[in-house]
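J.: The structure is given below, and queries will be raised subsequently.
There are 2 protein chains.
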Amino acid sequence: MTNRSTGSNPPAPLEGDAHLPLYRRLYQTIAGRITSGDWRPGDALPAELDLARLYGVAPGTVRKAIDELVDDGLIERRHGSGTFIRRPNFDNMMVRFLLYRDPEGREIMPASHIISREIVPAPAAIAQHLGMAEGEDVIRMVRHRHWEGAARLLEDIYLPPARFRPMIEHSPEEIGPLLYPAYERLCGQLVCFIEEEITILDATPEDAALLGLKDGDLVVAIERIAKNASGQPIEWRISRGEARRFRYRISVG
Amino acid sequence: MTNRSTGSNPPAPLEGDAHLPLYRRLYQTIAGRITSGDWRPGDALPAELDLARLYGVAPGTVRKAIDELVDDGLIERRHGSGTFIRRPNFDNMMVRFLLYRDPEGREIMPASHIISREIVPAPAAIAQHLGMAEGEDVIRMVRHRHWEGAARLLEDIYLPPARFRPMIEHSPEEIGPLLYPAYERLCGQLVCFIEEEITILDATPEDAALLGLKDGDLVVAIERIAKNASGQPIEWRISRGEARRFRYRISVG
DNA sequence: GAGTGGTCTAGACCACGAG
DNA sequence: TCGTGGTCTAGACCACTCA
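Residue numbers (our numbering), protein chains in the order written: chain A, 5 to 257; chain B, 5 to 257.
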């Protein structure tokens with residue numbers, strides 16, 4: 005059988021090489037419609053049987069593609085009501101690890117101060133992380149996060165201008181305290197995956213001064229690469245904070 | 005259809021409550037045969053169609069159970085040759101994070117010194133982690149790991165005697181430098197899952213002395229709970245090392 | 001070539017959520 | 001009550017490994 009659309013429209017095309025499994029190509033197609041903003045967080049996907057008809061594949065093939073999208077956290081099933089695009093929430097993640105709490109023990113939303121935004125030539129390491137050429141223009145943003153009356157977290161953030169020009173054109177007030185919602189609202193960019201590397205090292209004199217640390221104190225440095233639904237890197241950042249009281253949980257299968 | 009064994013033996017029983025999905029019960033059944041030592045690392049599982057016949061379920065149901073066992077790292081598929089029990093390798097994990105290398109940059113297998121082994125009443129927190137009652141007997145083992153001529157990692161390890169009595173009956177030479185292989189070899193216990201929590205804190209005077217740190221230096225403390233194939237906790241440990249140069253990578257979907 | 005997992009199909013029936 | 005996802009079945013054919 006070469007075409008199983010039962011008398012109705014011809015099937016929609018799938019992304020990806022024809023030699024890839026259908027469920028892989030369907031995964032990429034759905035991820036691409038999230039990346040493009042065609043489907044946005046909160047939206048419902050078509051029902052599985054509708055997707056099967058739409059793309060001309062069997063229901064079991066749709067199910068396998070959706071299984072993997074759910075595993076990767078891009079979408080979410082709600083039994084009886086449908087399948088929905090997720091909005092991951094990474095922006096406030098680091099604050100949790102630094103274990104600061106208000107007097108009642110609740111988590112704090114720290115104040116956010118954008119110190120500078122400029123376009124600079126991409127250093128080699130950052131260009132590589134972002135899939136750009138060395139020396140190509142890149143947006144560099146410095147941000148400090150404050151709580152308990154002092155700077156606690158220093159962030160250097162690098163963004164490709166092709167996707168993120170609005171981040172230098174809008175005022176800090178329009179951007180607000182959380183970056184990832186601003187990326188989505190102002191630039192149509194959705195962060196879906198992150199990879200981090202944690203290092204403990206000696207504070208530089210500048211960082212020590214900004215964080216109120218003594219000479220010889222240690223900082224925790226968290227390097228992060230953030231990717232969109234299609235797995236393309238869209239942000240690189242390094243954050244530094246006081247190492248003491250840092251805490252992190254992981255589980256490995 | 006109530007019984008689909010085609011004229012041959014009746015199906016083998018599945019673990020778990022009858023109201024659970026068949027693929028979940030099959031997952032638990034296979035995990036249980038790993039825990040019990042019935043199937044050991046390196047062994048091949050029966051072919052998927054044989055498992056389907058053995059347990060009286062459809063091939064697709066076997067496939068879904070095996071998919072999840074593979075996702076959880078308990079088994080491994082090799083296309084064309086079979087499905088095999090995996091042997092996870094966690095024991096040396098922490099050493100990687102501390103970034104010590106020999107002069108040629110290779111990873112080091114640090115020397116391992118068992119300082120003490122004793123049976124003590126379980127403190128409340130440890131009893132809870134191990135699913136025991138407070139005050140019940142627990143094995144406490146202290147181990148130091150050395151490289152570059154000094155102690156670099158201090159480990160306090162707690163084990164339930166019901167599973168691990170051989171660990172106090174055998175000599176340190178019989179145990180060898182790696183604990184998890186010794187658990188498997190001497191006690192028939194296989195570690196399949198771990199959860200860790202990393203904290204940076206001030207060194208206690210004793211830890212500072214043992215690690216050669218100055219007063220006020222920081223240590224990284226890694227608390228770990230290790231579980232077998234059935235998800236039962238079988239070991240709790242806390243390891244401390246110098247915080248400086250600590251490094252950790254994670255990715256979050 | 002025999003046996004294995006990998007992909008894909010085409011359904012049936014159940015459990016859940018919302019109107 | 002209807003539409004959704006959740007489970008389960010029963011096969012076909014392909015791709016890979018190894019003797």
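Just so it is clear, CB atoms sit at the ideal spot from N, CA and C, and this is done for glycine as well.
All figures in this text were calculated on a predicted structure; none of them were measured in a lab.
If you follow the alpha helix (DSSP H) that Pro125 (chain B) is part of, which residue opens it and which one closes it?
T.: Pro125 (chain B) -> not in any alpha helix (DSSP H); beta strand (DSSP E) instead, spanning Ala115 to Pro125.
J.: Which partner residues of Asp141 (chain A) appear in the DSSP bridge assignment?
T.: A:Pro125
J.: Using 8 Å as the cut-off, can you tell me whether the segment 125 to 141 of chain B makes contact with the segment 234 to 241 of chain B, which would need three or more C-beta pairs spanning the two stretches below that distance?
T.: yes
J.: Have a look at A:Val66, A:Asp47 and A:Leu49 and flag the residue whose alpha-carbon is nearest the alpha-carbon of Ala56 (chain A).
T.: Here the closest residue by C-alpha is A:Val66.
J.: Mapping DSSP to helix, strand and coil, what is Lys68 (chain B)?
T.: Lys68 (chain B): helix per DSSP, three-state reduction.
J.: If I follow the unbroken alpha helix (DSSP H) through Pro181 (chain B), where does it start and stop?
T.: No alpha helix (DSSP H) contains Pro181 (chain B), which DSSP labels as neither H nor E.
J.: Tell me, please, whether the segment 191 to 206 of chain A touches the segment 139 to 157 of chain A by the rule of three or more beta-carbon pairs shorter than 8 Å.
T.: no
J.: Starting from the C-beta of Arg167 (chain B), find all residues in its chain whose C-beta is less than 7 Å away, skip the five residues before and the five after it, and write them out in chain order.
T.: Excluding residues within five positions, the ones whose Cβ falls inside 7 Å are Cys191, Gln193 and Ile238.
J.: Can you name, in chain order, every residue of its own chain whose Cβ lies under 6 Å from the Cβ of Gly135 (chain B), other than the five neighbours on each side?
T.: Pro237
J.: With 9 Å as the threshold, decide whether the Cβ of Arg251 (chain B) is near any Cβ in chain A.
T.: yes
J.: Does the beta-carbon distance from Arg228 (chain A) to Glu199 (chain A) come in below 9 Å?
T.: yes
J.: Is Ala69 (chain A) buried or exposed, if buried means 16 or more other CB atoms sit within 10 Å of its CB?
T.: By the Cβ neighbour-count rule, Ala69 (chain A) is buried, with 16 or more other Cβ atoms within 10 Å of its own.
J.: Let's see if you can read the secondary structure: which residues bound the beta strand (DSSP E) around Phe88 (chain B)?
T.: Gly86 to Ile89
J.: How is Phe94 (chain A) classed by DSSP in three states: helix, strand or coil?
T.: Looking at Phe94 (chain A) - three-state DSSP - the assignment turns out to be coil, as it is neither helix nor strand.
J.: Which residues of the segment 199 to 225 of chain B have a Cβ closer than 8 Å to any Cβ of chain A? Give them in chain order.
T.: Glu199, Glu200, Glu201, Ile202, Thr203, Ile204, Leu205, Asp206, Leu222 and Val224
J.: May I have a chain-ordered list of the alpha helix (DSSP H) segments no shorter than 4 residues that lie completely inside the segment 182 to 223 of chain A?
T.: 183 to 191 and 209 to 215
J.: Using 9 Å as the limit for Cβ to Cβ distance, is Asp75 (chain B) near chain A?
T.: Output row for Asp75 (chain B): interface = yes.
J.: Quick test of your reading: Leu222 (chain B) and Ala247 (chain A), contact by CB under 8 Å. State the CB separation rounded to the nearest angstrom.
T.: The C-beta distance from Leu222 (chain B) to Ala247 (chain A) rounds to 6 Å, short enough to fall under 8 Å.
J.: Give a yes or no on whether 9 Å exceeds the smallest Cβ distance from Arg81 (chain A) to chain B.
T.: no
J.: Whole-angstrom Cβ separation of His117 (chain A) and Arg147 (chain A), contact assumed at under 8 Å?
T.: Contact between His117 (chain A) and Arg147 (chain A) holds: CB atoms are separated by about 7 Å, below the 8 Å threshold.
J.: Strictly under 9 Å for the Cβ-Cβ distance: is Arg248 (chain B) near chain A by that measure?
T.: It does: the Cβ of Arg248 (chain B) has a partner Cβ on chain A nearer than 9 Å.
J.: Check each candidate in B:Pro125, B:Arg149 and B:His150 and name the one with the smallest Cα separation from Gly139 (chain B).
T.: Among B:Pro125, B:Arg149 and B:His150, the Cα nearest to that of Gly139 (chain B) belongs to B:Pro125.
J.: For Arg1 (chain A), which residues in the same chain have their Cβ closer than 6 Å to its Cβ, ignoring the five residues on either side in sequence?
T.: Any question about residue 1 (chain A) goes unanswered here, given that chain A covers just 5 to 257.
J.: Just the C-alpha distance for Asn13 (chain B) and Gly86 (chain B), rounded to the nearest angstrom, thanks.
T.: 23 Å
J.: Would you call Ala62 (chain B) buried or exposed, if buried means 16 or more other Cβ atoms sit within 10 Å of its Cβ?
T.: When all chains shown are included, Ala62 (chain B) counts as exposed.
J.: May I ask you to list the residues that DSSP assigns as paired with Tyr27 (chain A)?
T.: For Tyr27 (chain A), which the question treats as bridged, DSSP gives no partner whatsoever.
J.: So, with DSSP's three-state summary, where would you put Pro237 (chain B)?
T.: strand
J.: For Ala35 (chain A), does the count of other Cβ atoms within 10 angstroms reach 16, so buried, or fall short, so exposed?
T.: buried
J.: Could you give the distance in angstroms between the alpha-carbon of Asp219 (chain B) and the alpha-carbon of Asp219 (chain A)?
T.: Roughly 15 Å between the two C-alpha positions.
J.: Measure the alpha-carbon distance for Leu26 (chain A) versus Glu72 (chain A) and round it to whole angstroms.
T.: In this model, Leu26 (chain A) and Glu72 (chain A) are separated by some 13 Å (Cα to Cα).
J.: Let's see if you can read the secondary structure: which residues bound the beta strand (DSSP E) around Ala56 (chain A)?
T.: Premise fails: Ala56 (chain A) lies in the alpha helix (DSSP H), Glu52 to Tyr59, not in any beta strand (DSSP E).
J.: With 16 as the cutoff for other CB atoms within 10 Å, does Thr208 (chain A) come out buried or exposed?
T.: exposed
J.: By how many angstroms is the C-alpha of Pro185 (chain B) removed from the C-alpha of Ala230 (chain B)?
T.: 14 Å
J.: Please report the residue range of the beta strand (DSSP E) in which Arg82 (chain A) lies.
T.: Ile79 to Arg82
J.: Please classify Arg44 (chain B): is it buried, with 16 or more other beta-carbons within 10 angstroms of its beta-carbon, or exposed?
T.: exposed
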